[in-house]
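> Chains as they are written, first to last, in this note's numbering: chain P, 70 to 226; chain A, 10 to 296.
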Amino acid sequence: MKLVEKYIKYTLILISLGIISCSTPKNVSFDRSGAVEFIEQEDPQTITLKTSAFGSNLAQASAYAERNAIENLLYKGIPGSNQRQAIIADEIDARSKHGKRLDDLVKNKYGEYLMSSEILYKQEAKDGVFVEKQVKFDLAALRKYLEKYEVIRSFGY
Amino acid sequence: MKHILYLLLATITINLQAQETTKIQPKIMVIPFAKKGESLRTVLESDGLQRVAATKAKEGFDSRGINTIDLRAKLKQVSNTEVLAEDANNDLKSQLISLSGADIYVEVEATKKAHYKGNTATVILTAYDAFTGQSFSNKVATSPSFRTENYGKLVEKAIVSIIEDFINTIQEKFDDVVANGRSLVVDISISETADYDFDLELNDGSFLSEAVEDWIEENAYKNYYHIQGTTGHKMIFDDVKVPLTDPKNGKPFRINRFANKIKRFFKKLDIEADRTVQGGNIVIVLQ
Numbered sequence: 070m071k072l073v074e075k076y077i078k079y080t081l082i083l084i085s086l087g088i089i090s091c092s093t094p095k096n097v098s099f100d101r102s103g104a105v106e107f108i109e110q111e112d113p114q115t116i117t118l119k120t121s122a123f124g125s126n127l128a129q130a131s132a133y134a135e136r137n138a139i140e141n142l143l144y145k146g147i148p149g150s151n152q153r154q155a156i157i158a159d160e161i162d163a164r165s166k167h168g169k170r171l172d173d174l175v176k177n178k179y180g181e182y183l184m185s186s187e188i189l190y191k192q193e194a195k196d197g198v199f200v201e202k203q204v205k206f207d208l209a210a211l212r213k214y215l216e217k218y219e220v221i222r223s224f225g226y
Numbered sequence: 010m011k012h013i014l015y016l017l018l019a020t021i022t023i024n025l026q027a028q029e030t031t032k033i034q035p036k037i038m039v040i041p042f043a044k045k046g047e048s049l050r051t052v053l054e055s056d057g058l059q060r061v062a063a064t065k066a067k068e069g070f071d072s073r074g075i076n077t078i079d080l081r082a083k084l085k086q087v088s089n090t091e092v093l094a095e096d097a098n099n100d101l102k103s104q105l106i107s108l109s110g111a112d113i114y115v116e117v118e119a120t121k122k123a124h125y126k127g128n129t130a131t132v133i134l135t136a137y138d139a140f141t142g143q144s145f146s147n148k149v150a151t152s153p154s155f156r157t158e159n160y161g162k163l164v165e166k167a168i169v170s171i172i173e174d175f176i177n178t179i180q181e182k183f184d185d186v187v188a189n190g191r192s193l194v195v196d197i198s199i200s201e202t203a204d205y206d207f208d209l210e211l212n213d214g215s216f217l218s219e220a221v222e223d224w225i226e227e228n229a230y231k232n233y234y235h236i237q238g239t240t241g242h243k244m245i246f247d248d249v250k251v252p253l254t255d256p257k258n259g260k261p262f263r264i265n266r267f268a269n270k271i272k273r274f275f276k277k278l279d280i281e282a283d284r285t286v287q288g289g290n291i292v293i294v295l296q
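Here it is, written out as structure tokens:
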């Protein structure tokens with residue numbers, strides 16, 4: 070009986086250790102970075118960028134990288150490109166008036182303006198995945214969307 | 010109950026109309042750069058490179074949904090006027106701009122450079138306020154180097170690399186206009202037949218020039234104005250800010266009304282004033 074109890078105890082310990090070591094990594098939250106580089110602009114209405122991000126898995130890292138690119142385009146501008154100025158001049162003001170719409174845009178809707186997205190490099194780490202991507206956006210359509218909902222003003226006064 | 014509902018609906022409708030702001034898209038004309046003594050028409054018709062540059066720049070505006078005034082059509086219109094002197098090439102540009110009704114004109118200059126390692130084209134884009142001459146945007150770009158004689162293609166590459174940034178910079182200036190007002194030029198002169206000048210002493214002891222400057226300061230948007238110069242017979246305010254929209258009704262601010270206000274100011278001083286308004290230029294002649 071004592072042997073059986075010992076056997077059950079050690080088995081339970083082994084199972085617990087197994088569960089702990091196989092547990093999913095902590096969820097990584099999105100953190101905007103300036104790691105967005107201009108690649109090319111085939112025509113004035115599109116822009117190709119290199120972007121990177123870290124996520125808990127490949128899918129999350131990939132989504133974060135795309136979000137990083139769109140947020141830099143919207144709020145910071147891309148040095149060395151034809152879109153040096155941010156599309157949205159005042160992020161704080163825009164968020165206060167159109168927070169819900171902008172939030173939806175950078176998390177979900179941006180896909181409608183993403184013409185292509187290609188993984189250039191990925192590196193798996195203990196607690197997640199780092200990914201570098203090349204993304205191409207349709208600037209004209211993105212601008213039209215923002216103008217339609219008066220997030221930005223159309224050309225003029 | 011029905012009456013209350015109708016009243017509420019009417020109130021909401023009136024409020025919505027009052028809040029509606031009118032968007033103003035300025036008129037833009039793209040012109041090739043012409044040196045002193047050079048005719049715009051000659052540049053456009055004889056220099057293919059300038060034609061390509063002007064067309065690509067115009068395309069950049071068109072693709073953003075920005076309407077532009079057609080230069081060729083305006084050139085034709087200007088050539089039909091009797092005002093134009095054939096050899097006054099510099100006047101042609103001013104005449105063209107003022108007759109076109111353009112609020113902003115964009116000058117495009119393209120140059121080519123041959124090199125044994127590869128040819129390049131350089132483009133300079135400059136946007137000016139048609140009335141005040143203020144610069145809205147300036148960009149210069151050089152194409153990548155290619156072993157080609159197709160300079161038109163090189164010009165195209167140069168323009169594509171800067172046109173969006175160029176237009177975005179113009180838009181930034183518009184944002185500044187919305188916040189700080191648009192610029193007018195107010196030119197006040199005294200007729201040669203008048204028997205007084207700007208040193209005329211008024212009833213309150215001030216000089217006429219002082220009274221005029223005080224009035225401009227009081228009526229300029231956020232009290233901003235700049236005086237270019239004053240003589241005994243002329244006062245030029247080369248930058249007087251006025252709001253973009255009338256604060257009373259939210260409609261576009263009417264420059265003609267401002268000019269009439271100036272006229273009424275002089276009438277109170279028992280001075281007759283003739284006024285001419287052309288776009289953002291107000292010319293007042295005191296009799």
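For every residue, glycine included, the Cβ atom is placed at its ideal position computed from N, Cα and C.
Round the Cβ separation of A/Thr129 and A/Leu163 to the nearest angstrom and send it over; I've been treating them as touching at under 8 Å.
Position 120 of the second sequence, counting from 1, holds the residue named residue 129 of chain A. Position 154 of the second sequence, counting from 1, holds the residue named residue 163 of chain A. A/Thr129 to A/Leu163, Cβ: 6 Å. Contact.
> Rounded to whole angstroms, what's the CA-CA distance from P/Gln154 to A/Asp56? Just pull it up for me.
Numbered from its first residue, the first sequence carries residue 154 of chain P at position 85. Numbered from its first residue, the second sequence carries residue 56 of chain A at position 47. Answer to the nearest angstrom: the Cα atoms are 33 Å apart.
> A/Leu193 bridges to which residues according to DSSP?
Locating residue 193 of chain A in the second sequence gives position 184, where the first residue counts as 1. DSSP lists A/Val249 as partners of A/Leu193.
> List, in order along the chain, the chain P residues whose C-beta lies closer than 7 Å to that of A/Glu173?
Position 164 of the second sequence, counted from the start, is the residue given in the question as residue 173 of chain A. Chain P residues near A/Glu173: Pro113, Asn151, Gln152.
> For P/Val200 and P/Ile188, which I take to be in contact (beta-carbon distance under 8 Å), what is that distance rounded to the nearest angstrom?
Here residue 200 of chain P corresponds to residue number 131 of the first sequence, with the count starting at 1. Here residue 188 of chain P corresponds to residue number 119 of the first sequence, with the count starting at 1. Correct: roughly 6 Å between the Cβ atoms.
> Between A/Ser200, A/Lys231, A/Ile245, which lies nearest to A/Val221 when the distance is taken from Cα to Cα?
Sequence index remark: in the second sequence, residue 221 of chain A carries index 212 (1-based). Of A/Ser200, A/Lys231, A/Ile245, the residue nearest in Cα terms is A/Ile245.
> Compute the Euclidean distance between the alpha carbons of A/Lys276 and A/Val292, then round it to the nearest angstrom.
Within the second sequence, residue 276 of chain A is the residue found at index 267, counting from 1. Within the second sequence, residue 292 of chain A is the residue found at index 283, counting from 1. Cα-Cα distance, rounded: 16 Å.
> Counting beta carbon pairs with one atom in the segment 114 to 132 of chain P and one in the segment 193 to 208 of chain P, are three or more of them shorter than 8 Å?
At 8 Å Cβ cutoff, the stretches touch.
> At the 9 Å Cβ level, is P/Tyr223 part of the contact set with chain A, yes or no?
For the purposes of this step, residue 223 of chain P is identified with residue 154 of the first sequence, where counting begins at 1. A small correction: the amino acid at residue 223 of chain P is Ser; Tyr does not occupy that position in the sequence shown. Judged by the 9 Å Cβ criterion, P/Ser223 is in contact with chain A.
> Under 6 Å Cβ to Cβ from P/Ala210, same chain only, skipping five residues before and after it: list those, please.
Here residue 210 of chain P refers to the residue found at position 141 of the first sequence. Hits under 6 Å: Tyr182.
> Are there 16 or more other CB atoms within 10 angstroms of the CB of A/Arg81, so buried, or fewer, so exposed?
Position 72 of the second sequence, counted from the start, is the residue given in the question as residue 81 of chain A. A/Arg81 comes out exposed.
> Strictly under 9 Å for the Cβ-Cβ distance: is A/Arg266 near chain P by that measure?
By 1-based counting over the second sequence, the position of residue 266 of chain A is 257. Output row for A/Arg266: interface = no.
> So with Cβ pairs under 9 Å, would you call P/Arg170 a contact of chain A?
Within the first sequence, the letter at position 101 stands for residue 170 of chain P. Not an interface residue.
> So, with DSSP's three-state summary, where would you put A/Ala150?
In the second sequence, residue 150 of chain A corresponds to position 141, counting from 1. Of the three classes helix, strand and coil, the one that applies to A/Ala150 here is strand, per DSSP.
> Give me the Cα-Cα distance between A/Val249 and A/Phe70, rounded to the nearest whole angstrom.
Taking the second sequence and counting its residues from 1, one reaches residue 249 of chain A at position 240. Taking the second sequence and counting its residues from 1, one reaches residue 70 of chain A at position 61. Answer to the nearest angstrom: the Cα atoms are 28 Å apart.
> Is the distance from the Cβ of A/Ile78 to the Cβ of A/Ile37 below 9 Å?
Numbered from 1 along the second sequence, position 69 holds the residue referred to as residue 78 of chain A. Numbered from 1 along the second sequence, position 28 holds the residue referred to as residue 37 of chain A. Yes, these two residues count as a Cβ contact at 9 Å.
> Just the chain A side, please: which residues come within less than 8 Å of P/Ala163 by C-beta, in chain order?
The count along the first sequence starts at 1 and reaches residue 163 of chain P at position 94. Under the 8 Å cutoff, chain A gives no residues; its nearest Cβ is about 13 Å from P/Ala163.
> Do the segment 213 to 233 of chain A and the segment 145 to 163 of chain A meet, that is, are 3 or more Cβ pairs less than 8 Å apart?
No contact exists between the segment 213 to 233 of chain A and the segment 145 to 163 of chain A.
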